[in-house]
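Numbering (the UniProt record's numbering), first residue to last: 1 to 190.
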Amino acid sequence: MAKTAFILLDIQVGVVEMLKGIVDTDQYLAKVSSTLAAARKAGIPVVQVTTGYRPSYVDASPRNMMTVHVKSSGGFKETDASTQLHPALAEAAADDIHIRKRRVSALYGTDLDLVLRSLGIEKIVVAGVSTSGAVLSTVIQAFDMDYEITILADLCADTPAEVHETLLGKVLSKRASVVNAEEWVASLES
């Protein structure tokens, strides 16, 4: 069986704040937490990926629409609380692998691929937000890097819901297995 890692994308204070009104954040965080606990119990390394920029925004390109928006808003500086892992997950995450990204994909400009390959990882399980951002970008790049991928659909979110559903059902399902968290946890126990 391929060695697996669980990659959780952008479940940080500032992003979870934006999820309010899209999902029930307490319920969402509880489900993420229990799924991560099952992964840890099964010996699967958990990688917590968060987004943050240097306080000067020297790493925010004027040619990148997303980084221009982030810089103009003054948000997501790596020293801000908004870039910290959400407190609902932080205590249990002490022994997890932590990666800071400065672009949408968790694999671009980070040492994530190096860490995964050093651990002998061939398969990744991806969850987080947003489906049209970090999940889409990371999954497509991981697919091109020959990782086997599972996406936990109910642990991803986006607005409007149609975007989330279309991406999972029509785009990402061509590159990854798309299941819900409960199904995936059950597969760990079988």
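Each residue gets a CB set at the ideal place from its N, CA and C atoms; glycine is no exception.
Inter-residue Cα distance where the pair is residue i and residue j
i: ALA37; j: PHE143; result: 26 Å
i: GLU17; j: ASP10; result: 11 Å
i: LEU85; j: SER190; result: 31 Å
i: TYR53; j: SER177; result: 32 Å
i: GLY74; j: PRO87; result: 22 Å
i: GLU182; j: LYS31; result: 9 Å
i: GLY14; j: ASP146; result: 31 Å
i: ASP26; j: LEU168; result: 23 Å
i: PHE6; j: ILE140; result: 16 Å
i: VAL58; j: THR50; result: 18 Å
i: ALA42; j: ILE97; result: 16 Å
i: HIS164; j: VAL129; result: 10 Å
i: PRO62; j: SER187; result: 45 Å
i: LEU119; j: ASP95; result: 15 Å
i: MET66; j: GLU91; result: 30 Å
i: THR4; j: ILE44; result: 6 Å
i: SER132; j: ALA161; result: 11 Å
i: ASN180; j: LEU155; result: 8 Å
i: PHE127; j: LYS77; result: The sequence given here places Ala at residue 127; Phe does not occur at that position. Going from the Cα of ALA127 to the Cα of LYS77 covers about 23 Å.
i: LEU117; j: ASP24; result: With the sequence shown as reference, residue 117 is identified as Arg, and Leu is not the correct amino acid for it. Roughly 35 Å between the two C-alpha positions.
i: THR83; j: LEU29; result: 16 Å
i: GLN12; j: THR166; result: 25 Å
Classification of residue i by the beta-carbon crowding that lies within 10 angstroms, buried from 16 upward
i: ASP111; result: exposed
i: THR79; result: exposed
i: LEU89; result: buried
i: LYS101; result: buried
i: ALA81; result: exposed
i: SER56; result: exposed
i: SER34; result: exposed
Sequence-distant residues of the same chain with beta carbon closer than 6 Å to residue i, five excluded per side
i: ILE22; result: ALA157, THR159
i: LEU8; result: GLN48, ALA127, GLY128
Residues bridged to residue i [DSSP beta-bridge criterion]
i: ARG100; result: THR50
i: LYS123; result: THR4, GLU148
i: LYS174; result: DSSP lists no partner for LYS174.
i: GLY75; result: For GLY75, which the question treats as bridged, DSSP gives no partner whatsoever.
i: GLY128; result: LEU9, CYS156
i: VAL23; result: LYS20
i: VAL179; result: LEU152
i: LEU85; result: GLN12
Residues of its chain near residue i, where Cβ-Cβ distance is below 7 Å and the 5 sequence neighbours each way are ignored
i: TRP184; result: VAL125, THR150, LEU152
i: SER137; result: VAL104, SER105
Close beta carbons around residue i, own chain, < 8 Å, minus the five adjacent residues each side
i: LYS20; result: none
i: residue 255; result: Nothing about residue 255 can be read from this structure; the chain reaches only from 1 to 190.
i: ASN64; result: ARG103
Between the segment 167-181 and the segment 138-156, do at least 3 Cβ pairs fall closer than 8 Å? Touching, yes.
Can you find at least 3 beta carbon pairs, one from the segment 112-127 and one from the segment 54-73, that sit closer than 8 Å? They do not touch, by the three-pair rule.
Counting Cβ pairs, one atom from each stretch, are 3 or more of them under 8 Å apart for the segment 101-108 and the segment 28-42? Contact fails: fewer than three Cβ-Cβ distances are below 8 Å.
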